[in-house]
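Per my numbering, the sequence shown starts with residue 1144, numbered consecutively.
All C-beta atoms, glycine included, are put in the ideal place defined by N, C-alpha and C.
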Amino acid sequence: MKITKKAILYVIAAELFVFIILPSILLGIHGIFHEIPSPAVPKIFSNKTDTPKYIRVYRHTYGVTEVIPFEDYVKGVVAGEMPSNFEIEALKAQAVAARTYSLSKIIRSGDGGNPPAHPDAPLCDDTHCQVYRSVYDLTELKGEEWMNDSWKKICKAVDSTKGQLMYYNGQLAEQALFHSSSGGHTENSEDVFASAVPYLRSVDSPYEEGATHQKETKYFSTKDFLYLVNLKYPGKKLSSPINKIGIVSKSAGGRVEDIKINNSTFKGRELRDALGLSSANFNVSMKNGTITITSNGFGHGVGMSQYGANGMAKRGSNYKQILEHYYTGVKIY
């Protein structure tokens, strides 16, 4: 069979496509979803911080790092962290808090590297950073009806605050912490964490109607109580029997600072962790071998109370007023 010059050219063209062009195309597509270079660290200007277009987020659910548009990430955090039936102004407040918190972590990663838990990304998708849910995740979890209604509401809240951040004395408010409900008062940061942050002050949070974990009561036998506390803090060596238990001091926000059990003193947050309490805002009593603990609120109690924010929104406060209430002295722009 005679092979023409034209046929040879076809064969060469086919080989070029199969072995060079097609792999390059596929590699490019793979790169779009899996291996885009890390976005640049945002520039910090006087009284204003730039926001990136894209960020890297480690997805614990899938074990991969994804590159996500920053504002889309904020939408996924608002959907993951706050009930969608909350008032639109509360959702806006959550958007600004989430945007500020995540950006501060991105900036810090440029100085000291990403966290050991996710070394390829400054942020992850669970409570280690902030809960993030993608459109695909939310569709699977919530369904099409929720996406057509609640997702559009969240997108509206985020889009209406696009790029807005919280600042204190002209600097990004790096610790834009929030929690579900406070039980009536938020906490000074130093009463819960290591250091005092000027905008994380204890404030009243009176409008938390409908909040979960109000007057939540748990009962422990002294045997179970001893086991759980010693399991968490073996160095304390709490011994049986428990003859005396009482609160020594409370913080400005009403949470237990110190509690004495027999001759050992514990921090309120230590007992919260050991016993799985919803809050360190609790009272305790002991009778007939049973220890009763009643707590109010859910979370660490520092920064914005989400249910409190919703209560303020119901009473006519806008998102800036909500944020300026829970973060003392901040400005939003």
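Proximity to residue i [Cα-Cα], best of the options
{"i": "residue 1414", "options": "1383, 1363 and 1459", "result": "1363"}
{"i": "residue 1219", "options": "1318, 1235 and 1297", "result": "1297"}
{"i": "residue 1215", "options": "1466, 1306 and 1450", "result": "1306"}
{"i": "residue 1478", "options": "1196, 1337, 1420 and 1202", "result": "Outside the modelled stretch of the chain, which goes from 1144 to 1476, sits residue 1478, for which no answer is possible."}
{"i": "residue 1205", "options": "1237, 1268 and 1217", "result": "1268"}
{"i": "residue 1217", "options": "1273, 1389 and 1192", "result": "1273"}
{"i": "residue 1416", "options": "1295, 1392, 1375 and 1291", "result": "1375"}
{"i": "residue 1381", "options": "1316, 1407, 1387 and 1452", "result": "1407"}
{"i": "residue 1345", "options": "1396, 1261, 1452 and 1432", "result": "1396"}
{"i": "residue 1316", "options": "1230, 1242, 1450 and 1326", "result": "1242"}
{"i": "residue 1388", "options": "1451, 1402, 1246 and 1245", "result": "1402"}
{"i": "residue 1440", "options": "1432, 1313 and 1398", "result": "1398"}
{"i": "residue 1247", "options": "1303, 1192, 1326 and 1373", "result": "1192"}
{"i": "residue 1470", "options": "1373, 1353, 1337 and 1347", "result": "1347"}
{"i": "residue 1353", "options": "1432, 1325 and 1444", "result": "1325"}
{"i": "residue 1299", "options": "1230, 1337, 1355 and 1245", "result": "1230"}
{"i": "residue 1418", "options": "1313, 1304, 1286 and 1373", "result": "1373"}
{"i": "residue 1383", "options": "1336, 1337, 1355 and 1432", "result": "1432"}
{"i": "residue 1355", "options": "1255, 1327 and 1379", "result": "1327"}
{"i": "residue 1444", "options": "1378, 1336, 1295 and 1456", "result": "1336"}
Residues of its chain near residue i, where Cβ-Cβ distance is below 8 Å and the 5 sequence neighbours each way are ignored
{"i": "residue 1228", "result": "1293"}
{"i": "residue 1161", "result": "With a pLDDT of 41 at residue 1161, under the threshold of 50, the modelled position of this residue cannot be trusted, and the question is left open."}
{"i": "residue 1385", "result": "1365, 1368, 1369, 1404, 1405, 1429 and 1434"}
{"i": "residue 1289", "result": "1227 and 1281"}
{"i": "residue 1460", "result": "1232 and 1468"}
{"i": "residue 1466", "result": "1236, 1239, 1240, 1309, 1447, 1473 and 1475"}
{"i": "residue 1173", "result": "The pLDDT assigned to residue 1173 is 34, lower than 50, so where the model puts this residue is not dependable; a value taken from the coordinates is nonetheless given after this. Result list for residue 1173: empty, nothing under 8 Å."}
{"i": "residue 1400", "result": "1334, 1391, 1392, 1393, 1394, 1410 and 1411"}
{"i": "residue 1284", "result": "1276"}
{"i": "residue 1225", "result": "1233, 1234, 1237 and 1449"}
{"i": "residue 1251", "result": "1265 and 1317"}
Close beta carbons around residue i, own chain, < 7 Å, minus the five adjacent residues each side
{"i": "residue 1311", "result": "1341, 1342, 1472 and 1473"}
{"i": "residue 1257", "result": "1263, 1264 and 1265"}
{"i": "residue 1213", "result": "1194, 1195, 1196, 1197 and 1198"}
{"i": "residue 1275", "result": "1200, 1216, 1219, 1220, 1223 and 1268"}
{"i": "residue 1277", "result": "1219"}
{"i": "residue 1203", "result": "1267, 1268 and 1269"}
{"i": "residue 1458", "result": "1350"}
{"i": "residue 1423", "result": "1398, 1399, 1411, 1412 and 1415"}
{"i": "residue 1261", "result": "1201 and 1267"}
{"i": "residue 1371", "result": "1417 and 1418"}
Rounded Cβ spacing between residue i and residue j (contact assumed at less than 8 Å)
{"i": "residue 1221", "j": "residue 1301", "result": "6 Å"}
{"i": "residue 1446", "j": "residue 1320", "result": "3 Å"}
{"i": "residue 1308", "j": "residue 1239", "result": "7 Å"}
{"i": "residue 1330", "j": "residue 1339", "result": "No, residue 1330 and residue 1339 are not in contact; Cβ-Cβ is about 11 Å, not under 8 Å."}
Residue span of the beta strand (DSSP E) that contains residue i, given as start and end
{"i": "residue 1200", "result": "1197 to 1202"}
{"i": "residue 1363", "result": "1359 to 1364"}
{"i": "residue 1282", "result": "Element bounds for residue 1282: not the beta strand (DSSP E) but the alpha helix (DSSP H), 1278 to 1285."}
Neighbourhood of residue i by C-beta, 6 Å cutoff - its chain only, sequence neighbours within 5 removed
{"i": "residue 1436", "result": "1361, 1425 and 1427"}
{"i": "residue 1442", "result": "1322 and 1323"}
{"i": "residue 1359", "result": "1421 and 1438"}
{"i": "residue 1462", "result": "1232, 1235 and 1236"}
{"i": "residue 1452", "result": "1233, 1236 and 1465"}
{"i": "residue 1244", "result": "1319"}
{"i": "residue 1304", "result": "1235, 1238 and 1239"}
{"i": "residue 1279", "result": "none"}
Residue interval of the alpha helix (DSSP H) (run including residue i)
{"i": "residue 1465", "result": "1462 to 1469"}
{"i": "residue 1209", "result": "Per DSSP, residue 1209 belongs to no alpha helix (DSSP H); it is in the beta strand (DSSP E), 1207 to 1212."}
Jot down the residue ranges of each uninterrupted alpha helix (DSSP H) in the stretch 1388 to 1451, minimum 4 residues, whole runs only, in chain order. 1411 to 1418
What beta strand (DSSP E) runs, 3 residues minimum, are completely inside the stretch 1294 to 1344? 1309 to 1311
In chain order, which alpha helix (DSSP H) runs of at least 4 residues are fully inside the stretch 1228 to 1277? Considered as a whole, the stretch 1228 to 1277 harbours 1231 to 1255 as its complete alpha helix (DSSP H) runs of no fewer than 4 residues, in chain order.
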